[in-house]
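The block underneath contains the structure these notes are about, expressed in structure tokens.
Protein chains: 2
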Amino acid sequence: MSRILLIEDDHSVRISLAKALGRYGHDVASAPSGEEGLRLYREHAAELVVLDLMLPGMDGFEVCRRIRAAGTVPIVMLTARGDDIDVVSGLESGADDYVVKPVEPRVIDARIRAVLRRGAPDRAGRSRAAYGDLVIDRASMTVTRDGDAVAMTPTELRLLLELSGSPGQVLSRQQLLESVWEHSYLGDSRLVDNGVQRLRAKIEADPAAPVFIQTVRGFGYRFGPV
Amino acid sequence: MSRILLIEDDHSVRISLAKALGRYGHDVASAPSGEEGLRLYREHAAELVVLDLMLPGMDGFEVCRRIRAAGTVPIVMLTARGDDIDVVSGLESGADDYVVKPVEPRVIDARIRAVLRRGAPDRAGRSRAAYGDLVIDRASMTVTRDGDAVAMTPTELRLLLELSGSPGQVLSRQQLLESVWEHSYLGDSRLVDNGVQRLRAKIEADPAAPVFIQTVRGFGYRFGPV
DNA sequence: CCGGAATGTCGCAACCGTGTCGCAGACCTC
DNA sequence: GAGGTCTGCGACACGGTTGCGACATTCCGG
Chain A
0 MSRILLIEDD HSVRISLAKA LGRYGHDVAS APSGEEGLRL YREHAAELVV
50 LDLMLPGMDG FEVCRRIRAA GTVPIVMLTA RGDDIDVVSG LESGADDYVV
100 KPVEPRVIDA RIRAVLRRGA PDRAGRSRAA YGDLVIDRAS MTVTRDGDAV
150 AMTPTELRLL LELSGSPGQV LSRQQLLESV WEHSYLGDSR LVDNGVQRLR
200 AKIEADPAAP VFIQTVRGFG YRFGPV
Chain B
0 MSRILLIEDD HSVRISLAKA LGRYGHDVAS APSGEEGLRL YREHAAELVV
50 LDLMLPGMDG FEVCRRIRAA GTVPIVMLTA RGDDIDVVSG LESGADDYVV
100 KPVEPRVIDA RIRAVLRRGA PDRAGRSRAA YGDLVIDRAS MTVTRDGDAV
150 AMTPTELRLL LELSGSPGQV LSRQQLLESV WEHSYLGDSR LVDNGVQRLR
200 AKIEADPAAP VFIQTVRGFG YRFGPV
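Below is the structure:
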């Protein structure tokens, strides 16, 4: 249902929580540290982050602030019992809700659904999409592959957004010219081919064997598999 | 789209604004006084309140405080031109944003969307936000970098608040013109570029390699990292 | 009424992006 | 297998977008 990122250092808690959330219908990625969590966040296109406060290295507050600075994804914090001060600081550093450990899976699932419901419209999750290790974020106009940011030019980005907006569908050169280049050529032109080539060079691991943008000879281009 | 409550005593302004907001896709209820407004607020379940300061009987501040006490609904204030004191007091009494009269419908719509985009859930603890060594305090309208206060002019501050209010999101020049400068240009203008330049000069350690305000060529500007 | 700060306007320069061109290679048809 | 068409791809030069300094104007306090 929802793409969730779980950041929790305790191995057994992490595994069991991830499994439980999976049973509740979420698509869960998990990380044992803040650094790994931030990396996964960039690459997993999570719609919500469940974040433990006590982490080795970078602590939960810092992770929370960094995710906040990068976008508006909802964050649910895990805190130890009775750490009221943690709760307050957590909310101040940008968390949307918190759950006291030890957590009952159905409790945290309820919280997650509540937070997602609260911010359902216009939230970051909608504008962010992942295709394998390629993440396209329409809000921040950024593209990451395998967690690394890919520098995109305006035209390349518009082209990618147009193609990925209709995954699996073939778009003709004429259609792309009109929607991406905003002018309706009469004569044919190598413009689109060139654009696709430049785009492939940036997002395809092997431009000669494209994974994301397929050529459909005689018709145009298609984003994604059939 | 959003359920909005408009509290404004001037009859013609109230009617025309309500109509305009309706055309922008909002579901609007309106009230001519604070008392009536509070009653409607309870029964209309508004997601956002647009509130005039000058009201007969109970004034805007009082209404603002009462709504605040009842929940966390975002509040956008309408103030008369040049009443800077009103702006500060308004923000201090819990408003999320303000618009100077006379209002252009599309301007106030832009503000409304910005406030809603920011998200009600985060607003609770978001009067103060830190991004690295940059601290933005919405309550006291102050900015500090590395512990030192940065002297900001009104326009620079509005621009910074607008950008940092949607961290990680690209805002177009047009959007910024409407929400920060409050006028809807048709022709292009270097105004926004200039504002960003002046802002960078104050908050960026090296304006040539900006950390906080990124240029997204062809699209606009973005606050925060990727 | 005067002075200074803040803000909008203008113009220039640099850089990045992008359209065009040409050719080579791939693919389909016969 | 040969010819023709379609596509990939590198190179290059033009043009647009942005950064930025300078100047004009408005606004505000004294």
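Sequences listed follow chains A and B, in order. With numbering that gives the first Met the number 0 applied, the first sequence corresponds to residues 0 to 225, in that order. With numbering that gives the first Met the number 0 applied, the second sequence corresponds to residues 0 to 225, in that order. Note that CB positions come from ideal geometry on N, CA and C, so glycine has one too.
ask   = To which residues does DSSP link residue 133 (chain B) through a beta bridge?
value = B:130, B:144
ask   = Alpha carbon to alpha carbon, what distance is there between residue 24 (chain A) and residue 179 (chain A)?
value = 37 Å
query = How would you label residue 211 (chain A), buried or exposed, when you count the other beta carbons within 10 angstroms and need 16 or more for buried?
reply = buried
query = DSSP beta-bridge partners for residue 213 (chain B)?
reply = B:221
ask   = For a contact meaning CB atoms closer than 7 Å, what does residue 75 (chain B) contact in chain A?
value = Going along chain A, no residue has its Cβ under 7 Å from residue 75 (chain B), so there is no contact; the nearest lies around 17 Å.
task = State the Cα-Cα distance for the pair residue 52 (chain A) and residue 192 (chain A), rounded to the nearest angstrom.
result = Rounded to whole angstroms, residue 52 (chain A) to residue 192 (chain A) spans 49 Å at the Cα level.
key: Per-residue DSSP class, three states only, for residue 32 (chain A)   = coil
message = Give me the subset of the segment 157–179 of chain B whose CB atoms are less than 8 Å from a CB atom of chain A, sorted by chain position.
response = 165, 166, 167, 168, 169
ask   = So, helix, strand or coil for residue 49 (chain A), using DSSP?
value = Secondary structure of residue 49 (chain A) (DSSP, three-state): strand.
task = Figure out for me which residue from B:176, B:200, B:199 has the closest Cα to the Cα of residue 189 (chain B).
result = B:176
task = Identify whether residue 54 (chain B) lies in helix, strand or coil by the three-state DSSP scheme.
result = Residue 54 (chain B): coil per DSSP, three-state reduction.
request  = For the beta strand (DSSP E) containing residue 78 (chain A), list its first residue and its last residue.
outcome  = Taken as a continuous stretch (DSSP letters only), the beta strand (DSSP E) holding residue 78 (chain A) covers 74–78.
key: Buried or exposed by the 16-neighbour rule on C-beta atoms within 10 Å, applied to residue 11 (chain B)   = Classification of residue 11 (chain B): exposed, given that the 10 Å Cβ count is below 16.
task = Run down chain A in chain order and give the residues with a C-beta less than 7 Å from the C-beta of residue 129 (chain B).
result = 64
request  = May I ask you to report which of helix, strand or coil DSSP gives residue 2 (chain A)?
outcome  = In this structure, DSSP gives residue 2 (chain A) an extended state, which the three-state scheme calls strand.
request  = Indicate whether residue 5 (chain B) and residue 49 (chain B) have their beta-carbon atoms separated by less than 9 Å.
outcome  = The answer is yes: Cβ separation under 9 Å.
inquiry  = Quick check: does the Cβ of residue 56 (chain B) come within less than 8 Å of any heavy atom belonging to the ligand NAD?
reply    = As for the ligand NAD, it is missing from this structure, which has no ligand bound.
query = According to DSSP, what are the bridge partners of residue 27 (chain A)?
reply = In the DSSP output, where bridge partners are listed per residue, residue 27 (chain A) has A:3.
query = Since residue 69 (chain A) meets chain B, which of its residues come closer than 8 Å, beta carbon to beta carbon?
reply = 166, 167, 223, 224, 225
query = Comparing the C-beta of residue 45 (chain A) with each C-beta of chain B, is any distance below 9 Å?
reply = No, residue 45 (chain A) lies away from the interface with chain B (no Cβ there is under 9 Å from its Cβ).
ask   = Between which two residues does the beta strand (DSSP E) harbouring residue 171 (chain A) extend?
value = 169–171
request  = Name the two residues that bound the continuous beta strand (DSSP E) containing residue 99 (chain A).
outcome  = 96–99
ask   = Shorter than 9 Å from the beta carbon of residue 83 (chain B) to some beta carbon of chain A?
value = With a pLDDT of only 49 at residue 83 (chain B), under 50, the local geometry of the prediction cannot be trusted, and the value read off the model is given with reservation. Taking Cβ atoms only, chain A never reaches closer than 9 Å to residue 83 (chain B), which makes this a no.
query = Hey, out of B:207, B:97, B:158, B:75, whose CA is closest to residue 3 (chain B)'s CA?
reply = B:75
Close-in-space but distant-in-sequence residues of the same chain around residue 109 (chain B) (CB under 6 Å, 5 per side omitted) = 177, 178
ask   = Excluding sequence positions up to five away, which residues of its chain have a Cβ less than 6 Å from the Cβ of residue 142 (chain B)?
value = 135, 149, 151
task = Go through its chain and collect everything with a Cβ distance to residue 206 (chain A)'s Cβ below 6 Å, but skip five positions before and after it.
result = 199, 200
Pairwise C-alpha distance: residue 111 (chain B) and residue 223 (chain A) = 37 Å
query = In this structure, does DSSP put residue 179 (chain B) in helix, strand or coil?
reply = helix
ask   = Is the distance from the Cβ of residue 20 (chain A) to the Cβ of residue 73 (chain A) below 9 Å?
value = no
query = Roughly how many angstroms lie between the CA atoms of residue 34 (chain A) and residue 55 (chain A), to the nearest whole one?
reply = Cα to Cα, the separation comes out at about 10 Å.
task = Tell me, please, whether the CB atom of residue 146 (chain B) is closer than 9 Å to any CB atom in chain A?
result = no
query = Apart from the five residues on each side of it in sequence, which residues of its chain come closer than 6 Å, Cβ to Cβ, to residue 96 (chain A)?
reply = Around residue 96 (chain A): 75, 110, 114.
request  = With DSSP as the reference, label residue 149 (chain B) as helix, strand or coil.
outcome  = strand
query = Quick one: what's got a C-beta closer than 8 Å to residue 203 (chain B)'s C-beta in the same chain, skipping five residues either side?
reply = 209, 210, 211, 212
Buried versus exposed, by CB contacts within 10 Å (16 or more), residue 174 (chain B) = buried
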